[in-house]
Amino acid sequence: MDTKMKLMSLMVLQERIIIIKMSTIKNLILVFKE
Numbered sequence: 001m002d003t004k005m006k007l008m009s010l011m012v013l014q015e016r017i018i019i020i021k022m023s024t025i026k027n028l029i030l031v032f033k034e
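As structure tokens, then:
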């Protein structure tokens, strides 16, 4: 496998994880506000 491809997929994965974390944190804040 190409190293560039590996790096790209890793970055995409990290981006997805960050987005998921952000959305879960937002949901938690919403739950605690009620």
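All residue numbers for the sequence shown refer to this note's numbering, where the first residue is 1 and numbers rise by one. Glycine is no exception: its CB is placed at the ideal position from the N, C-alpha and C atoms.
Can you tell me whether E15 is helix, strand or coil according to DSSP? helix
To the nearest angstrom, how far is the alpha carbon of K21 from that of D2? 29 Å
Cβ shell of S9 (< 7 Å), same chain only, five flanking positions each side left out: none
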